[in-house]
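Trainee:
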Amino acid sequence: MRNSLGLILAIAVAAVLIGLFSALFSVYQTQQALVLRLGEPIRVIEEPGLHAKIPMIDSVIFIDKRILDLENPSQEVIAADQKRLVVDAFARYRIVNPLRFYQSVGSVEAANSRLATILNSSLRRVLGESTFTQVVRDQREDLMARIRSQVNREAAGFGIDVIDVRIRRADLPEANSQAVFQRMQTERQREAAEIRAQGAEAAQTIRSRADRDSTIIVAEANATADQLRGEGEAERNEIFAQAYNQDRAFFDFYRSMQAYEASLKGSDTRMLLAPDSEFFRFFSNPTARADAVLGTPAAPAAAQPAPAAPAAPLAPAN
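This note's numbering numbers the first residue of the sequence shown as 68 and each following residue consecutively.
1) For Tyr-95, count neighbouring C-beta atoms within 10 Å of its own C-beta (all shown protein chains included) and say buried if the count is 16 or more, exposed if not.
2) Measure from the alpha carbon of Gly-224 to the alpha carbon of each residue in Ile-124, Ser-71, Val-172 and Gly-299, then state which is nearest.
3) Check the C-beta distance from Leu-137 over to Tyr-169 and give it rounded, since I have them as a contact under 8 Å.
4) Residue range of the beta strand (DSSP E) that Ser-126 falls in?
5) Relative to the C-alpha of Val-163, which candidate in Met-123, Asp-209, Val-154 and Asn-219 has its C-alpha closest?
6) Asp-280 to Ala-270, Cα distance in whole Å?
7) So, with DSSP's three-state summary, where would you put Glu-114?
8) For Ala-286 and Phe-307, I'd like the C-alpha separation in whole angstroms.
9) Could you work out which residue in Glu-300, Thr-198, Val-154 and Thr-282 is closest to Ala-237 when comparing CA atoms only?
10) Starting from Asp-136, follow the beta strand (DSSP E) in both directions and report where the run begins and ends.
11) Are the beta-carbon atoms of Arg-207 and Val-229 separated by less than 9 Å?
12) I'd like to check one pair, Arg-233 with Ala-177: are the Cβ atoms closer than 9 Å?
13) Leaving out five residues before and five after Ile-16 in sequence, what residues of the same chain have Cβ atoms less than 6 Å from its Cβ?
14) Under a Cβ-count criterion, where at least 16 other Cβ atoms within 10 Å of its own Cβ denotes burial, should Ile-394 be classed as buried or exposed?
15) Please classify Ser-93 as buried or exposed, where buried requires at least 16 neighbouring CB atoms within 10 angstroms.
16) Please report the straight-line C-alpha distance between Lys-132 and Arg-250, rounded to a whole angstrom.
17) I need the DSSP call for Ser-180, collapsed to helix, strand or coil.
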């Protein structure tokens with residue numbers, strides 16, 4: 068009897084412990100819980116800690132509170148300028164209403180499937196209204212914001228808040244990339260040739276202007292040099308005239324010596340002149356030199372033929 072009573076007591080204690088254990092559950096910081104009573108949701112628990120339920124009647128569904136990822140496979144989208152784009156996008160979302168999430172989709176896998184469909188539809192709708200340049204470079208941030216807004220608006224019915232949508236890659240298909248690259252290369256080569264032609268034209272213009280300025284400067288310099296040379300010649304002639312007027316005989320003698328030096332400088336000098344030429348008067352008449360130096364007229368030579376007409380005065384030597 069005592070053994071039976073002890074066994075019953077042990078079974079009762081074990082049942083109480085099992086009941087207490089099944090009536091308590093823990094909610095971690097990364098989770099939120101939905102308590103169901105006979106399949107009907109009765110409360111949502113968002114605070115972490117130890118909570119109680121009715122054993123065998125209540126059940127608990129744990130829902131992730133962290134930010135979840137949605138990786139969308141690459142797909143082709145036709146832009147507004149009829150260019151095909153291979154778009155690789157992803158989204159980040161959080162479950163903010165566990166009850167609505169459970170009632171609408173039920174699980175994270177089902178939510179990912181529904182969100183992927185919504186994301187693809189939004190990508191085609193937004194990118195289909197934009198050009199290739201806007202998607203790739205100019206308005207990428209604005210387009211991602213528009214896509215996130217549309218996806219978030221439709222995902223709100225699932226108790227989901229879409230935090231971010233990003234376009235990881237948006238490129239042309241491989242078949243079109245090479246053609247576009249060649250077209251861009253041809254365009255850049257054309258621009259380079261045009262720039263080189265403009266540079267050559269500018270260089271020719273600068274060179275022509277420099278040549279013109281150089282010609283003008285040289286002409287002005289030559290004109291100035293000629294003017295200075297003329298002024299020097301005039302001043303020299305004036306000095307010669309003053310010297311000639313001071314002592315004509317000596318000046319005549321000096322000029323004759325210069326003429327002799329200039330004409331008899333070579334080793335094979337030849338002249339065709341008459342012996343009584345005025346040019347050699349200082350050789351044929353020894354007194355002519357002294358008379359010219361002293362400034363007195365030379366004595367006439369005896370039995371000499373009539374002198375020839377005097378030669379014109381020599382021009383001043385340069």
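All residues carry an ideal CB built from backbone N, CA and C; glycine is no exception.
Mentor: According to the structure shown:
1) For this step, residue 95 is matched to residue 28 along the sequence shown. Looking at its Cβ environment, which holds fewer than 16 other Cβ atoms inside 10 Å, Tyr-95 is exposed.
2) The residue you call residue 224 lines up with position 157 of the sequence shown. Among Ile-124, Ser-71, Val-172 and Gly-299, the Cα nearest to that of Gly-224 is on Val-172.
3) Within the sequence shown, the letter at position 70 stands for residue 137. Within the sequence shown, the letter at position 102 stands for residue 169. Between Leu-137 and Tyr-169 the beta-carbon gap is near 19 Å, outside 8 Å, which marks them as no contact.
4) If you number the sequence shown from 1, residue 126 lands on position 59. Where Ser-126 is concerned, the enclosing beta strand (DSSP E) stretches over 125-131.
5) Walking along the sequence shown from the start, residue 163 turns up at place 96. Of the candidates Met-123, Asp-209, Val-154 and Asn-219, the one whose C-alpha sits nearest the C-alpha of Val-163 is Asn-219.
6) Here residue 280 corresponds to residue number 213 of the sequence shown, with the count starting at 1. Here residue 270 corresponds to residue number 203 of the sequence shown, with the count starting at 1. Between the C-alpha atoms of Asp-280 and Ala-270 there is a straight-line separation of about 15 Å.
7) The residue labelled residue 114 in the question sits at position 47 within the sequence shown. In the structure shown, Glu-114 sits in coil (DSSP, three-state: anything other than H, G, I, E or B).
8) Sequence index remark: in the sequence shown, residue 286 carries index 219 (1-based). Sequence index remark: in the sequence shown, residue 307 carries index 240 (1-based). CA-CA distance, Ala-286 to Phe-307, rounds to 31 Å.
9) Translated into positions along the sequence shown, residue 237 becomes position 170. Comparing alpha carbon positions, the residue from Glu-300, Thr-198, Val-154 and Thr-282 closest to Ala-237 is Val-154.
10) Mapped onto the sequence shown, residue 136 falls at position 69. Under the DSSP assignment, Asp-136 falls in the beta strand (DSSP E) whose first and last residues are 135-138.
11) Counting from one through the sequence shown, the residue named residue 207 turns up at place 140. Counting from one through the sequence shown, the residue named residue 229 turns up at place 162. No, they are not a contact pair.
12) Locating residue 177 in the sequence shown gives position 110, counting from the first residue. Locating residue 233 in the sequence shown gives position 166, counting from the first residue. Contact annotation: Ala-177 and Arg-233 have beta-carbon atoms that are not nearer than 9 Å.
13) Nothing about residue 16 can be read from this structure; the chain reaches only from 68 to 385.
14) This structure cannot settle anything about residue 394, because the visible part of the chain is limited to 68 through 385.
15) Against the sequence shown, residue 93 aligns to sequence position 26. With a threshold of 16 other beta carbon atoms within 10 Å, Ser-93 falls short and is exposed.
16) Counted from its first residue, the sequence shown places residue 132 at position 65. Counted from its first residue, the sequence shown places residue 250 at position 183. If you take the alpha carbons of Lys-132 and Arg-250, they lie about 50 Å apart.
17) The count along the sequence shown starts at 1 and reaches residue 180 at position 113. Ser-180: helix per DSSP, three-state reduction.
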